[in-house]
Amino acid sequence: MALNLIRKFVASSLLFMTAASASAETFVFTAIPDEDETKLVERFRGVADYLSEQLDVDVRYIPVKSYAAAVSAFRNNQVQLAWFGGLSGVQARRLVPGSEAIAQGVEDEAFQTYFIANTSTGIEPAQEFAELEDQLRGKTFTFGSKGSTSGRLMPEFHIRETFNEAPEDFFARVGFSGNHTRTLRLVEAGTYEVGALNFQVWEKELENGNIDTNAVQVIWETPAYPDYQWTIRGDVNERFGDGFKARVKEALLALDDKELLESFPRSGFIPASNDDYEPIRKTAEEIGILD
Amino acid sequence: MHSYPTVRASLIFVAVAVVGLLFADIAITASNPWRDLGNFFLGVVTPNFFSSEGLLTALLRTVAFAFVGVALGSFFGFLLALVYRLLPVRIFCAFIRAIHELFWALIFLQFFGFHPLTGVLAIAIPYSGIFAKVYSEILEEADPEPRRLLPPGTGMVAAFLYTRIPDCWEQLRTYTAYRLECGLRSSAILGFVGLPTLGFYLEASFSQGFYSDAGAMLILFYVLIATIPLWVRPKLLPVYILAAPFFLGEGLPIVWGNVERFFTEDIIPAPLRSGEGLAGMVPWLGDLMVNEALPGIWNTVLLTQIALVATGILALLAFPLISNHFGGPVRRTSGHVFLVIARSTPEYILAYILLQLWGPSMLPAVVALALHNGGIIGHLIGRQTNTLRLRPDAPTGFNRYTWELVPRVYRSFLAFLFYRWEIIMRETAILGILGIYTLGFYVDSAIQNIRFDRAMVLILITALLNIGVDALGRYIRRKLALQTMPTC
Chain A
1381 MALNLIRKFV
1391 ASSLLFMTAA
1401 SASAETFVFT
1411 AIPDEDETKL
1421 VERFRGVADY
1431 LSEQLDVDVR
1441 YIPVKSYAAA
1451 VSAFRNNQVQ
1461 LAWFGGLSGV
1471 QARRLVPGSE
1481 AIAQGVEDEA
1491 FQTYFIANTS
1501 TGIEPAQEFA
1511 ELEDQLRGKT
1521 FTFGSKGSTS
1531 GRLMPEFHIR
1541 ETFNEAPEDF
1551 FARVGFSGNH
1561 TRTLRLVEAG
1571 TYEVGALNFQ
1581 VWEKELENGN
1591 IDTNAVQVIW
1601 ETPAYPDYQW
1611 TIRGDVNERF
1621 GDGFKARVKE
1631 ALLALDDKEL
1641 LESFPRSGFI
1651 PASNDDYEPI
1661 RKTAEEIGIL
1671 D
Chain B
58 MHSYPTVRAS
68 LIFVAVAVVG
78 LLFADIAITA
88 SNPWRDLGNF
98 FLGVVTPNFF
108 SSEGLLTALL
118 RTVAFAFVGV
128 ALGSFFGFLL
138 ALVYRLLPVR
148 IFCAFIRAIH
158 ELFWALIFLQ
168 FFGFHPLTGV
178 LAIAIPYSGI
188 FAKVYSEILE
198 EADPEPRRLL
208 PPGTGMVAAF
218 LYTRIPDCWE
228 QLRTYTAYRL
238 ECGLRSSAIL
248 GFVGLPTLGF
258 YLEASFSQGF
268 YSDAGAMLIL
278 FYVLIATIPL
288 WVRPKLLPVY
298 ILAAPFFLGE
308 GLPIVWGNVE
318 RFFTEDIIPA
328 PLRSGEGLAG
338 MVPWLGDLMV
348 NEALPGIWNT
358 VLLTQIALVA
368 TGILALLAFP
378 LISNHFGGPV
388 RRTSGHVFLV
398 IARSTPEYIL
408 AYILLQLWGP
418 SMLPAVVALA
428 LHNGGIIGHL
438 IGRQTNTLRL
448 RPDAPTGFNR
458 YTWELVPRVY
468 RSFLAFLFYR
478 WEIIMRETAI
488 LGILGIYTLG
498 FYVDSAIQNI
508 RFDRAMVLIL
518 ITALLNIGVD
528 ALGRYIRRKL
538 ALQTMPTC
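This is the structure in structure tokens:
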């Protein structure tokens, strides 16, 4: 009886170890956690089902807790494909030679950051960022995630360029909310007076009636820059068969499920290349996020 | 009265904390913190246990990680305890326990990724260091008499097993069981960095304002901890320990090349990696020290000192709640419930909740640290007062508190407090991940920017700071001749 039990344990522990090699056949992808988790899981499970159908392999999405975790998982080859932001994509491709940006959203060619303010501050929307200097100085301010392009990199760049000061010197208090939805909620609630977020998140929440426009409004829109993209590792063909990368790209570009696209929210995906993100790399180097 | 060394020490610490308050960033920045707090409590009383299909799995994983981590920690800790008198072993143990579980997890995540090993090692490594220290203290205190009665020629192992172990068995057992409870807390918070335990779902629900879901998870967690005596039985332990590894989940496969890369490239300081050599190290280190390490150390020390005194005050205020020198059974029962909740909730989770509700400043961190640690010390002191027998005509009420009880328990109160000093600092550093500008903030920033070389230097500094405070705490305890008993 005891022997039987031991035998079972040994058998299942062997199974446990081989589970790792079996799942090597699964194509795994992740995404930066830029929005509410429930939404992300819903969205990317849909994408996983779609890709699985199109590519004829098991496709699995794993949620991560930070932008860096997404980059690390990609670098460590635990995921082979990722939906990155501009900055995280640049970081990831720099760490994984041969990896490629293959597709971006239609909207990502000309992405924007919105600066938003709680209405109790009395700050009025402006065309030029410089006009807001006096009103913004000494307020409390929140970025999104530390590794975000639209929530950190671009707003920090514009703050430094326009006001010639580091954000923590210009504002009374600087925080990192974690993601765009939370930035919106924190500024809406007045926990921070001013914040900066991904314009698509703002537009979608506005459309869905989830924003109390009496409490929070957009005060400035940045010029356009390239953002989100799908990035794939260079070695996927060796693992999943010749032409796999091209098939993934094709599948992403052909994605036309309205509901799925709406969840991103993007109107469709178009081809992208590593060079498209040069401006992001330069900006990141300029403000010292990249070496 | 001022000439009592214990009083003088206390006053110095209070003075430091008061001066610290002048420099600290203490504020409630949320515009409507009480409404949010109200919503949160509403969520707790209207829990939704069916929010996520993953909830029960997460609970199972939380338990599994705790069992495997604590079992390994206790095993290796015991081995280390046997050679603890060797200085290198002591230094090694002090070092591994000075690094918080979450920091270990963040390190392992970089090369093991989302593999169960990450979570297991994150618990097992620091716990080995703690077990080694406490086990060796317990073993040392064993009565030497039985040993002397053995006939000459008795083997070392036999002597150890038959004379030392029986004498300290009860203490070893109690302490290990206690660490299991700590392990459950550690395991739960590992979810905050992405492991599949309770913290993963708690963070998700909380950040989205799903307070009923978050409330349900907290309640399940309290129930899990409160029922430990019911489901952790000596006879069942082997079953749990053997079964636990099978419930860790499979995660993602380890790629061993990543491990090599981490140690040979990632953590090598950038100037050395790029071939600038030692000349490049000076500005690199200088920049790191001035812009990150020093502000981090300053804030960590500041917050630690304020939180330490706040913990002390709260413990002194809280212990009468469960002392049977005061009040009736209703008051004591609610006192017990309050203290159990305060000490069962990990500081990290408390701080996270309060930060969400009050906005970012040091205040949520101070309150969280004081509630958790004050809850633990208040509980221990309260229990101690129950063993005190006062004269039948002893004063009652406030006078009994100030003139009879506090003076009697004050020394052990201080002992506990100084014992927890290092633990509070460890936690203070880690709370930086939540956005308070302590060392953890800069560690997290370095990791977010994929600069592991910087992260490692900052983690090393954090560890050294902890070792320093630990030594200082021990020095003060010895100076004041305070007896200590190990606590979590």
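Protein chains in written order, with our numbering: chain A, 1381 to 1671; chain B, 58 to 545. Cβ atoms here follow ideal geometry from the backbone N, Cα and C, with glycine treated the same way. On a predicted model such as this, the values are computed, not experimentally measured, just so you know.
Do residue i and residue j have their C-beta atoms closer together than 8 Å?
{"i": "L159 of chain B", "j": "V250 of chain B", "result": "yes"}
{"i": "G1466 of chain A", "j": "Y1608 of chain A", "result": "yes"}
{"i": "G240 of chain B", "j": "V127 of chain B", "result": "yes"}
{"i": "R236 of chain B", "j": "Y184 of chain B", "result": "yes"}
{"i": "T131 of chain B", "j": "T254 of chain B", "result": "Going by the sequence as given, residue 131 of chain B is Ser instead of Thr. Result no, Cβ atoms of S131 of chain B and T254 of chain B do not sit closer than 8 Å."}
{"i": "L1475 of chain A", "j": "I507 of chain B", "result": "yes"}
{"i": "I442 of chain B", "j": "H382 of chain B", "result": "Inspection of the sequence shows that residue 442 of chain B is occupied by Thr rather than by Ile. Taking 8 Å as the Cβ cut-off, T442 of chain B and H382 of chain B qualify as a contacting pair."}
{"i": "P1477 of chain A", "j": "G1614 of chain A", "result": "yes"}
{"i": "R389 of chain B", "j": "I398 of chain B", "result": "no"}
{"i": "T368 of chain B", "j": "L474 of chain B", "result": "yes"}
{"i": "I487 of chain B", "j": "H157 of chain B", "result": "yes"}
{"i": "I1650 of chain A", "j": "Y1605 of chain A", "result": "no"}
{"i": "V125 of chain B", "j": "V191 of chain B", "result": "no"}
{"i": "Y1452 of chain A", "j": "L166 of chain B", "result": "Residue identity check: residue 1452 of chain A is Ser in the sequence provided, not Tyr. Yes, Cβ-Cβ distance for S1452 of chain A and L166 of chain B is below 8 Å."}
{"i": "L1435 of chain A", "j": "A1664 of chain A", "result": "no"}
{"i": "V366 of chain B", "j": "A74 of chain B", "result": "yes"}
Name the two residues that bound the continuous beta strand (DSSP E) containing residue i.
{"i": "F1495 of chain A", "result": "T1493 to N1498"}
{"i": "W288 of chain B", "result": "Not the beta strand (DSSP E): W288 of chain B falls in the alpha helix (DSSP H), residues I285 to W288."}
{"i": "Y1441 of chain A", "result": "V1439 to Y1441"}
{"i": "E1504 of chain A", "result": "E1504 of chain A -> no beta strand (DSSP E), and no H or E assigned at all."}
{"i": "F509 of chain B", "result": "F509 of chain B -> not in any beta strand (DSSP E); alpha helix (DSSP H) instead, spanning F509 to K536."}
{"i": "N1578 of chain A", "result": "V1574 to N1578"}
{"i": "T1410 of chain A", "result": "F1407 to A1411"}
{"i": "E1480 of chain A", "result": "E1480 to G1485"}
{"i": "A1462 of chain A", "result": "L1461 to F1464"}
Could you work out which residue in the options is closest to residue i when comparing CA atoms only?
{"i": "I180 of chain B", "options": "B:V191, B:A123 and B:F149", "result": "B:A123"}
{"i": "I1496 of chain A", "options": "A:E1639, A:G1621 and A:V1596", "result": "A:V1596"}
{"i": "E1417 of chain A", "options": "B:A66, B:V71, B:F257 and B:G77", "result": "B:F257"}
{"i": "I1599 of chain A", "options": "A:G1575, A:D1655 and A:D1622", "result": "A:G1575"}
{"i": "R446 of chain B", "options": "B:R465, B:W226, B:S502 and B:P377", "result": "B:R465"}
{"i": "A1569 of chain A", "options": "A:G1478, A:L1632, A:D1592 and A:Y1441", "result": "A:D1592"}
{"i": "L373 of chain B", "options": "B:T402, B:P352, B:G432 and B:A327", "result": "B:G432"}
{"i": "I298 of chain B", "options": "B:L247, B:A121, B:V75 and B:F498", "result": "B:A121"}
{"i": "I1669 of chain A", "options": "A:L1533, A:D1622 and A:R1627", "result": "A:L1533"}
{"i": "T357 of chain B", "options": "B:N96, B:T485 and B:P145", "result": "B:T485"}
{"i": "F376 of chain B", "options": "B:F152, B:L396 and B:S67", "result": "B:L396"}
{"i": "F1644 of chain A", "options": "A:L1435, A:E1487 and A:Q1471", "result": "A:E1487"}
{"i": "G100 of chain B", "options": "B:S269, B:V387 and B:G308", "result": "B:S269"}
Quick one: residues in its chain with C-beta nearer than 7 Å to the C-beta of residue i, no 5 flanking neighbours on either side, listed in chain order?
{"i": "V424 of chain B", "result": "L411"}
{"i": "I1539 of chain A", "result": "P1547 and F1550"}
{"i": "G1469 of chain A", "result": "A1481, Q1609, T1611 and Y1657"}
{"i": "L78 of chain B", "result": "I363"}
{"i": "P352 of chain B", "result": "Y494"}
{"i": "A327 of chain B", "result": "W341 and D510"}
{"i": "G306 of chain B", "result": "R118, P173 and P253"}
{"i": "S1401 of chain A", "result": "For S1401 of chain A, the pLDDT reaches just 42, beneath the cut-off of 50, and the residue's location in the model is therefore unreliable, leaving the point undetermined."}
Starting from residue i, follow the alpha helix (DSSP H) in both directions and report where the run begins and ends.
{"i": "T175 of chain B", "result": "P173 to E197"}
{"i": "R1646 of chain A", "result": "Here R1646 of chain A belongs to no alpha helix (DSSP H), and DSSP marks it neither H nor E."}
{"i": "L491 of chain B", "result": "Neither: L491 of chain B is in no alpha helix (DSSP H) and is coded neither H nor E."}
{"i": "R389 of chain B", "result": "P386 to S401"}
{"i": "T442 of chain B", "result": "M419 to T442"}
Among residues of its own chain, excluding the 5 on either side of residue i, which ones have a beta-carbon nearer than 6 Å to its beta-carbon?
{"i": "V1439 of chain A", "result": "F1407, A1428, L1431 and S1432"}
{"i": "R1562 of chain A", "result": "none"}
{"i": "I1482 of chain A", "result": "W1610, I1612 and K1629"}
{"i": "I311 of chain B", "result": "F169 and H172"}
Given the structure, does residue i come close to the ligand ADP, in the sense that its CB is under 7 Å from one of the ligand's heavy atoms?
{"i": "V289 of chain B", "result": "Of ligands this structure carries none, so the ligand ADP is not represented either."}
Excluding sequence positions up to five away, which residues of its chain have a Cβ less than 8 Å from the Cβ of residue i?
{"i": "F263 of chain B", "result": "A271, Y409, I410 and Q413"}
Secondary structure, alpha helix (DSSP H): runs of 4+ residues fully inside the segment 251-313 of chain B:
255-264, 268-283, 285-288 and 294-300
Jot down the residue ranges of each uninterrupted beta strand (DSSP E) in the segment 1503-1539 of chain A, minimum 3 residues, whole runs only, in chain order.
1520-1523
Run through the segment 1605-1631 of chain A for me and flag every whole alpha helix (DSSP H) of 4 or more residues, listed as ranges in chain order.
1616-1620
Can you give, in chain order, each stretch of the alpha helix (DSSP H) that sits fully within the segment 348-375 of chain B and has at least 4 residues?
351-375
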